[in-house]
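S.K.: The structure under discussion is supplied below as structure tokens; questions concerning it will follow.
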């Protein structure tokens with residue numbers, strides 16, 4: 005009888021202890037009104053997740069929304085619901101083994117100009133140490149997408165990056181420098197359905213795509229392969245003054261550009 009009672013007490017203790025340290029998942033709504041930047045302090049641990057977009061304006065991580073160690077920001081009309089884990093709970097697996105990710109530290113430095121480091125960031129990125137006198141503000145002077153980290157305006161920092169096991173950014177998409185065709189480098193105008201986009205292709209294979217005053221889209225070119233977010237295209241040359249993105253895996257259709 006005493007043994008049974010002891011077993012029950014131990015089981016109850018384990019259950020309570022497990023609950024005390026369980027992940028405390030919470031949600032918060034943050035809204036950029038009139039296109040202005042809004043910052044909300046949030047006591048969080050681990051990666052912030054966008055649960056649901058509420059605005060007509062796009063919410064793109066690193067462009068119109070982002071986070072740091074102390075909170076979440078939105079900009080340019082982005083309104084959304086975000087999910088996060090509170091401190092004192094679980095760290096969402098950032099440094100735990102067996103989660104399918106490896107953690108590594110990298111330095112990315114801007115000497116006043118924009119610099120990009122190609123790396124697999126599918127598990128998230130944290131700024132862990134600022135090395136510059138200039139500020140490093142996510143979404144303004146630093147940010148990341150699935151394949152790279154960028155810094156700008158003198159931001160120099162050390163980042164902690166989670167990459168998939170055995171990948172470390174080493175798929176065909178990384179190491180782009182110098183592989184973009186020379187004839188594709190430069191400034192272009194055109195688009196798919198609306199022909200008021202500006203395309204700027206750099207010699208390192210990175211490019212920006214912008215319509216009017218809207219937020220820039222960023223992409224990469226390696227050889228004849230083009231990527232914009234999750235969309236993939238084949239790059240083709242049209243005469244001496246034109247290039248085309250032929251869709252491989254995209255619902256956006258064909259993009260045609262003319263040298264500007």
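Residue numbers (the numbering used here): 5 to 264.
Here a beta-carbon is modelled for each residue, glycine too, at the ideal position from N, C-alpha and C.
Identify, in the order they occur along the chain, each residue of the same chain with its Cβ nearer than 6 Å to the Cβ of residue 83, setting aside the five sequence neighbours on each side.
M.R.: On the chain shown, residue 83 is found 79 positions in, with the first residue counted as 1. Cβ within range, chain order: 35, 58, 59.
S.K.: How about residue 152 and residue 106: do their beta carbons lie closer than 7 Å?
M.R.: Numbered from its first residue, the chain shown carries residue 152 at position 148. Numbered from its first residue, the chain shown carries residue 106 at position 102. No, the pair does not count as a contact, with Cβ atoms beyond the cut-off.
S.K.: Could you tell me whether the Cβ atoms of residue 158 and residue 114 are closer together than 7 Å?
M.R.: The residue given as residue 158 occupies position 154 in the chain shown. The residue given as residue 114 occupies position 110 in the chain shown. Yes, Cβ-Cβ distance for residue 158 and residue 114 is below 7 Å.
S.K.: Rounding to the nearest angstrom, what Cα-Cα distance links residue 78 and residue 243 in this structure?
M.R.: Taking the chain shown and counting its residues from 1, one reaches residue 78 at position 74. Taking the chain shown and counting its residues from 1, one reaches residue 243 at position 239. For residue 78 and residue 243, the distance between alpha carbons rounds to 42 Å.
S.K.: By Cβ distance, which residues of its chain are closer than 7 Å to residue 1, with the 5 residues on each side in sequence left out?
M.R.: Nothing can be reported for residue 1, as the shown portion of the chain is limited to 5 through 264.
S.K.: Applying the criterion that 16 or more other CB atoms from any shown protein chain within 10 Å of the CB defines a buried residue, is residue 187 buried or exposed?
M.R.: For the purposes of this step, residue 187 is identified with residue 183 of the chain shown, where counting begins at 1. So residue 187 counts as exposed.
S.K.: Would you list the residues sitting across from residue 251 in a DSSP beta bridge?
M.R.: For this step, residue 251 is matched to residue 247 along the chain shown. Its beta-bridge partners are 237.
S.K.: If the criterion is Cβ atoms closer than 7 Å, does the pair residue 193 and residue 264 meet it?
M.R.: In the chain shown, counting from the first residue as 1, residue 193 sits at position 189. In the chain shown, counting from the first residue as 1, residue 264 sits at position 260. In contact: residue 193 and residue 264 (Cβ atoms closer than 7 Å).
S.K.: Taking contact to mean 3 or more Cβ pairs, one atom from each stretch, closer than 8 Å, check whether the segment 214 to 222 and the segment 64 to 76 are in contact.
M.R.: Touching, per the Cβ criterion.
S.K.: Is it right to say residue 111 is buried, meaning 16 or more other beta carbons lie within 10 angstroms of its own, or is it exposed?
M.R.: Here residue 111 refers to the residue found at position 107 of the chain shown. Counting Cβ neighbours within 10 Å, residue 111 comes out exposed, since fewer than 16 surround it.
S.K.: In three-state DSSP terms, what is residue 219?
M.R.: Taking the chain shown and counting its residues from 1, the one referred to as residue 219 is at position 215. Three-state DSSP puts residue 219 in coil, outside helix and strand.
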